[in-house]
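For reference, the structure is listed below as structure tokens.
Okay, here's the thing in structure tokens:
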């Protein structure tokens, strides 16, 4: 009887130990993660930075304020790893390539690698630490705040281009917006909603996509022999010019490939010249050819 009780007790102990091994980070998660978050943001409020894999990385000044308001609680991760909202943020960040932004400014590659490590089949063998989870949490928060700031005010401050630039820069509480988005489970939607609402911005995004497709197709190509063309000109140079005007949206698609310089082509060339600040003549001269 005593042997059976001992065996049962040992069995229950083994089950408990296995359960603890499967969740090695649950113990004191709140206290330890808070300490790691406070110690992980360095450089003060003006020029904060964090260490990632031993490398110093600058982060948004709003990062400290965000965690201060949260009581130094992680925003994206639990003891079990990153939550689903981290995936929503990554999906929104990947779309920023269409806005002409550099995704590595938002630690995209590092975040994807760290999340892959947590969710990979080798997780149990890697001995991933609570410090690694806190690092990931900091990177995700900085990605939202930095990208949101770039969407709001631009990646380059206007005064760096022209010191007398007087454009009004919209300022918003990005840390507060992020917290609200986390509470409502709408992180990706909140980030995409920071895009400028003006029609011109949407037009620029479309134009960027079109130019990138053009690069995939081999680029512009050279319009040889087109230094002096006007209405009535004929030949291969006219054909190449007509295709270029179609690619740039100055001539209707059915006008590409024509070998005679006619009135529609002349009007298309005039549109091209006007858009580029050239003298509007409807003829190809040296200045138009260079443009």
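In the working numbering, the protein residues as written are 710 to 1000.
Where is the CB? At the ideal position from N, CA and C, for every residue including glycine.
Remember, it's a predicted structure, so these values are computed and weren't measured experimentally.
Just list the residues that DSSP pairs residue 988 with in beta bridges. As DSSP reads the structure, residue 988 sits in no beta bridge.
Verify whether the separation of the beta carbon atoms of residue 903 and residue 860 is less than 7 Å. Their beta carbons are under 7 Å apart, which means residue 903 touches residue 860 by this criterion.
Per-residue DSSP class, three states only, for residue 915: Residue 915: helix per DSSP, three-state reduction.
In or out: residue 865 buried (at least 16 other Cβ within 10 Å) or exposed? Sixteen is the threshold: since fewer than 16 other Cβ atoms of the shown chains lie within 10 Å of the Cβ of residue 865, the residue is exposed.
Looking only at its own chain, which residues have a Cβ that is under 8 Å from the Cβ of residue 792, when we skip the five neighbours before and after it? Excluding residues within five positions, the ones whose Cβ falls inside 8 Å are 785, 786.
At the level of alpha carbons, what is the spacing between residue 834 and residue 824? For residue 834, the pLDDT reaches just 43, beneath the cut-off of 50, and the residue's location in the model is therefore unreliable, although a value from the coordinates is still provided. Each residue's alpha carbon lies about 15 Å from the other.
Three-state secondary structure (DSSP) of residue 973: Helix, per DSSP.
Would you report the Cα separation of residue 921 and residue 862, rounded to the nearest angstrom? One Cα belongs to residue 921, the other to residue 862, and the distance between them is close to 24 Å.
Range of the contiguous beta strand (DSSP E) that encloses residue 810: Taken as a continuous stretch (DSSP letters only), residue 810 belongs to no beta strand (DSSP E), as it is neither H nor E.
What does DSSP give as the partner residue(s) for residue 790 in the beta ladder? Beta bridge pairing from DSSP links residue 790 with 787.
Beta-carbon spacing of residue 854, residue 769 below 7 Å: When the beta-carbon positions are compared, residue 854 and residue 769 come within less than 7 Å of each other.
On the three-state DSSP scale, how would you describe residue 836? With a pLDDT of 49 at residue 836, under the threshold of 50, the modelled position of that residue is not reliable, and the figure given next carries that caveat. Reduced to three states, the DSSP call for residue 836 is coil.
Provide the residue span of the beta strand (DSSP E) that contains residue 893, from first to last. Per DSSP, residue 893 lies in no beta strand (DSSP E) segment; the continuous alpha helix (DSSP H) that holds it begins and ends at 883-893.
Span of the alpha helix (DSSP H) around residue 873: No alpha helix (DSSP H) contains residue 873, which DSSP labels as neither H nor E.
Cβ neighbours of residue 795 in the same chain (closer than 7 Å, five flanking residues each side left out): Counting only Cβ-Cβ distances below 7 Å, and skipping sequence neighbours, we find 785, 824, 849.
Tell me which same chain residues have a C-beta within less than 7 Å of the C-beta of residue 809, skipping the five on either side of it? If we look at residue 809 and ignore the five residues flanking it on each side, its Cβ neighbours are 917.
What first and last residue would you give for the beta strand (DSSP E) that runs through residue 765? Start and end: 764-767.
Within the same chain, show all residues whose beta-carbon is closer than 7 Å to that of residue 914, passing over the 5 residues directly before and after it, in chain order. Answer for residue 914: 807, 808, listed in chain order.
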